[in-house]
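In this text, residue positions in the sequence shown follow this note's numbering: the first is 461, and each later residue adds one.
Where a beta carbon is used, it is the ideal one built from N, C-alpha and C, also for glycine.
Written below as C-alpha cells is the structure these notes are about.
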Amino acid sequence: MIKQDLKPFLSARGFSKKSLNFYKGIDGLIYMINFQKSSGNSADNVMFYINCGIYSAELAQIQSKEIVKAPHEAECHFRARIGELAGLAPDRFTIASDTDLDELRTTLLSALEEVNQFYDTMTSARSIVDYYTAGPYLHLGEENFHLLLQSNDVAAAKQYWYALREKHGAEKRWAIFEKKYEAIFDKYGVEIDKR
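What follows is the structure, given as C-alpha cells:
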C-alpha cells in the first residue's frame with residue numbers, strides 16, 4: 461500500500477521517501493510523515509501509527525543543536541499523531557484478513573491530504589510557536605519564549621507567560637518552569653508581573 465498508493469500520493473505533494481519516513485523541505489522547515497509499525501504484529505494482523513512532525517532549523521539553532529537534514533520524528537519541533545490533525549483518522553490503523561483495503565486506502569489518503577493542508581498553514585518557526593502558545597502548551601516553552609523575545613514580540617511573550625501560569629500555576633512542577641522562564645525574560649531585559 462505504501463509503494464502503490466501512499467508514495468505516489470505524497471510524491472505528488474513534494475515528499476520524498478526514506479525508509480518509513482516521508483520528508484519535504486521548504487524554507488528552513490522539514491515536514492515529515494512517519495509510518496511506525498506497532499509491536500506484536502503478525503502475518504495476519506498488522507497495526508501501525510502515522511506520526512506527523514515539523515522540524516525547524518531556526519528552533520534547532522535556539523536549542524543550540526546541530527541542524528539535521530532528515531530528522532527522526534522525536535527530533536521534530538511540532539509533533540502529532542495523524543488523528544490530531546485529520547478528523548476521521550484513527551490514532552492506530554489495523555490491517556487484518558477482514559479489512560476493507562479500499563476503505564482503508566480512502567481513509568489514509570483523505571487523512572494525509574488533511575495533514576498536507578495543515579502543513580500548508582505552518583510556514584515558519586513562528587507558526588510552530590504560535591500553535592503551542594495558543595494552546596497554551598508547555599511543549600517548547602523555552603524555545604517559544606526565546607523566539608518571541610528575539611523578534612521583540614514582548615506582548616505575545618507576556619500573553620503566553622500569563623496563559624501558562626493560569627493553566628499550570630497550581631501544579632507542583634510549575635515552580636521549575638517558572639524559574640526557567642523568568643531567566644529567559646531577564647536575559648532579554650523584559651520584566652513580567654510575577655504576582
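### Message
Rounding to the nearest angstrom, what Cα-Cα distance links Gly-500 and His-532 in this structure?
### Response
22 Å
### Query
From His-628 to His-537, what does the alpha carbon distance come to, in whole angstroms?
21 Å
### Message
Only counting the same chain, and skipping five residues up and downstream in sequence, which positions put a Cβ closer than 6 Å to that of His-599?
### Response
Tyr-592
### Message
At 3 residues or longer, what runs of the beta strand (DSSP E) sit wholly inside the stretch 465–498?
### Response
476–478, 481–486, 489–497
### Query
What's the C-alpha gap between Ala-630 and Lys-640?
17 Å
### Task
Could you pull out every unbroken beta strand (DSSP E) segment of at least 3 residues lying fully inside the stretch 615–654, listed in chain order?
none
### Query
Nearest to Asn-612 by CA position, among Glu-603, Gln-577, Val-650, Asp-504, is which residue?
Val-650
#### Entry: Residue span of the alpha helix (DSSP H) that contains Asn-604, given as start and end
601–610
### Range of the contiguous alpha helix (DSSP H) that encloses Gly-513
Where Gly-513 is concerned, there is no enclosing alpha helix (DSSP H), although the beta strand (DSSP E) it sits in stretches over 505–516.
### Query
Out of curiosity, what's the CA-to-CA distance linking Leu-568 and Ile-636?
41 Å
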